[in-house]
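Residue numbers (the numbering used here): 134 to 376. Backbone N, C-alpha and C fix where the C-beta goes; we use that ideal spot for every residue, glycine too. Note that the coordinates shown come from a computational prediction; the quantities given were computed from them, not determined experimentally. Structure first, then comments.
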């Protein structure tokens with residue numbers, strides 16, 4: 134229910150052809166971007182949690198399995214595969230251009246999710262069993278908290294044109310035939326076709342080409358902060374587990 138509400142609030146256009154205007158607000162772009170991250174990474178994380186339960190993994194081993202599968206699924210499928218048309222149809226280019234954005238968002242998602250899940254599992258013994266409703270409740274709560282923690286990072290990624298913000302890239306003909314409200318999307322598409330650098334961020338190459346501004350704070354700084362947040366989340370989770 135929460136996911137459906139957020140989808141309608143952030144992504145579902147009220148009338149056909151109004152998507153560009155509807156998602157023009159930065160908060161809606163960030164909401165859609167964060168939902169996209171949680172949906173993709175969440176599938177891998179849930180698979181990792183089930184496998185960890187089956188093979189008796191716990192603690193750091195469980196976190197590692199969930200992180201690897203969550204990142205792999207979110208990056209290779211939900212980011213690179215689903216967005217390869219924005220990278221000129223090249224899957225390899227899409228992998229390169231979406232790696233950093235996926236990494237930063239994933240780190241913050243896990244920073245919120247890991248301590249939440251471990252704290253709840255410590256208080257709900259049945260939550261360790263994937264066959265129990267408690268397991269899915271706990272994982273859902275973990276993803277919800279992870280969504281909240283990852284939202285600010287996605288705001289920064291969208292604001293610096295390192296993520297797409299769920300904007301629409303329409304074929305030139307369709308954009309030309311649309312009402313004036315689609316002019317911005319058509320311009321973005323044209324810039325994407327002619328100016329996007331081969332190694333640039335596929336989600337935002339049009340915007341980067343237009344303003345040429347570099348992200349602030351710089352990407353390496355945000356990467357370090359994301360790993361600090363992840364480490365803090367894992368540390369809190371392990372401490373709460375011992376207590």
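Return the chain-ordered list of same chain residues with a C-beta closer than 8 Å to the C-beta of residue 281, the five sequence neighbours on each side being excluded.
Translated into positions along the chain shown, residue 281 becomes position 148. Once the five neighbours on either side are set aside, the close Cβ partners of residue 281 are 245.
Closest by CA to residue 191, which one among 203, 254, 284, 351?
In the chain shown, counting from the first residue as 1, residue 191 sits at position 58. Of the candidates 203, 254, 284, 351, the one whose C-alpha sits nearest the C-alpha of residue 191 is 254.
Can you list, in chain order, the residues of its chain with a C-beta nearer than 8 Å to that of residue 232? Leave out the 5 residues immediately preceding and following it.
Residue 232 sits at position 99 when you count from the first residue of the chain shown. The answer, listed in chain order, is 208.
Rounded to a whole number of angstroms, what is the C-alpha to C-alpha distance between residue 319 and residue 292?
Sequence index remark: in the chain shown, residue 319 carries index 186 (1-based). Sequence index remark: in the chain shown, residue 292 carries index 159 (1-based). Bear in mind that a pLDDT of 40 at residue 319, under 50, signals an unreliable position, so the model cannot answer this.
Do residue 260 and residue 271 have their C-beta atoms closer together than 8 Å?
Translated into positions along the chain shown, residue 260 becomes position 127. Translated into positions along the chain shown, residue 271 becomes position 138. Result yes, Cβ atoms of residue 260 and residue 271 sit closer than 8 Å.
The region 228-242 touching the region 159-178, judged by at least three CB pairs closer than 8 Å
yes
Residue 265 by DSSP, collapsed to three states: which one?
For this step, residue 265 is matched to residue 132 along the chain shown. Three-state result, residue 265: coil.
Just tell me which of 237, 238, 222, 213 has its CA closest to the CA of residue 230.
Numbered from its first residue, the chain shown carries residue 230 at position 97. Here the closest residue by C-alpha is 213.
Cα-Cα, which of 205, 249, 163 is closest to residue 374?
By 1-based counting over the chain shown, the position of residue 374 is 241. Nearest option by C-alpha distance: 249.
Is the CB-CB distance between residue 172 and residue 202 below 8 Å?
Along the chain shown, one-based indexing puts residue 172 at 39. Along the chain shown, one-based indexing puts residue 202 at 69. Taking 8 Å as the Cβ cut-off, residue 172 and residue 202 do not qualify as a contacting pair.
Let me confirm a value: residue 226 is counted as buried when at least 16 other C-beta atoms fall within 10 Å, else exposed. Which label applies?
In the chain shown, residue 226 corresponds to position 93, counting from 1. It counts as buried.
Does the distance from the CB of residue 228 to the CB of residue 356 come in under 8 Å?
Translated into the one-based positions of the chain shown, residue 228 becomes position 95. Translated into the one-based positions of the chain shown, residue 356 becomes position 223. Contact: no.
Residue from 210, 361, 264, 159 whose Cα sits closest to the Cα of residue 175:
Along the chain shown, one-based indexing puts residue 175 at 42. Residue 175 has its Cα closest to that of 210, out of 210, 361, 264, 159.
Tell me whether residue 368 is buried or exposed, calling it buried when 16 or more other Cβ atoms sit within 10 Å of its Cβ.
Sequence index remark: in the chain shown, residue 368 carries index 235 (1-based). Its Cβ having fewer than 16 others within 10 Å, residue 368 is exposed.
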